[in-house]
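Enquirer: If you read the sequence shown in our numbering, its first letter stands for residue 1, the second for the next number, and so on.
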Amino acid sequence: MSSAFSVRAGVRQGGILSPVLFAVYVDVLVHRLKSANIGCKMFDIYYGCLLYADDIVLLAHTCTLNGMQQMLDICTEYGVDCDVKFNDSKSVAMRVGPRFNVACKALELSGKSIRFVDSVKYLGVNIVAWCYFRLILKTDHQFNTSV
């Protein structure tokens, strides 16, 4: 094993190894979230943390301390341990389900409140807060799936 060394710059954006190195680096966070046994699961497959490039989506069944807030606390701890700063201006929360428009306690990431939004665009798809899961594609067709 080699001795510790200081890194003064990150990986190059668009570099061939960048996605692989990011995946290795962020795997610690995914493992922590999955091990905490919180977040969404379907047929015993964990879907609580979705990743693409440097975007992270967290999915939980509730906003409370046993759900999303606990996942955000794990992310905060990971940020401290691995020297990662989450972009609080881009971090948002959205509720889907029968209580989508009911106010709930503010969520915090790294000590800062996350604002709630009515829709979010992820990978070119608009996801809208509603009573059930609803996607709006660029063609304005709607695909609805019950939650």
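Quick reminder that beta carbons are idealized off the backbone N, C-alpha and C, glycines included.
Only a predicted model underlies this, so the values are computations on that prediction, with no experimental measurement involved.
In three-state DSSP terms, what is residue 75?
Expert: Correct three-state label for residue 75: helix.
Enquirer: What are the boundary residues of the alpha helix (DSSP H) that includes residue 27?
Expert: Its alpha helix (DSSP H) spans residues 18 to 35.
Enquirer: Among 126, 129 and 19, which residue has its Cα nearest to the Cα of residue 51?
Expert: With distances taken between Cα atoms, residue 51 lies closest to 19.
Enquirer: For the candidate residues 25, 43 and 66, whose alpha-carbon lies nearest to that of residue 37?
Expert: Residue 37 has its Cα closest to that of 66, out of 25, 43 and 66.
Enquirer: Excluding five sequence neighbours on each side, which residues of the same chain lie with their C-beta closer than 7 Å to the C-beta of residue 60?
Expert: Excluding sequence neighbours, residue 60 sits near 38, 39, 40, 48, 67, 68 and 71.
Enquirer: On the DSSP bridge list, what partners appear for residue 55?
Expert: DSSP, once it has assigned bridges, lists 52 as partnering residue 55.
Enquirer: Would you mind working out which of 16, 120, 34 and 95 sits nearest residue 130, comparing C-alpha positions?
Expert: Looking at the Cα atoms, 95 is the closest of the given residues.
Enquirer: Which residue or residues does DSSP assign as beta-bridge partners of residue 125?
Expert: 122.
Enquirer: Have a look at residue 81 and residue 42 and give me their C-alpha separation to the nearest angstrom.
Expert: Going by the C-alpha atoms only, they are around 30 Å apart.
Enquirer: Does DSSP put residue 92 in a helix, a strand or coil?
Expert: Residue 92: strand per DSSP, three-state reduction.
Enquirer: Give me the Cα-Cα distance between residue 73 and residue 44, rounded to the nearest whole angstrom.
Expert: If I take the Cα positions, the gap works out to 23 Å.
Enquirer: Go through its chain and collect everything with a Cβ distance to residue 34's Cβ below 8 Å, but skip five positions before and after it.
Expert: Here the set comprises 46, 48 and 49.
Enquirer: Please report how far the alpha carbon of residue 140 lies from the alpha carbon of residue 118, in whole angstroms.
Expert: Any answer about residue 140 is weak, because its pLDDT of 49 lies below 50 and its placement is not dependable; what the coordinates show is given next. Roughly 17 Å separates the two Cα atoms.
Enquirer: Have a look at the DSSP bridge pairing and note the partners of residue 42.
Expert: Answer by DSSP bridge pairing, in chain order: 45.
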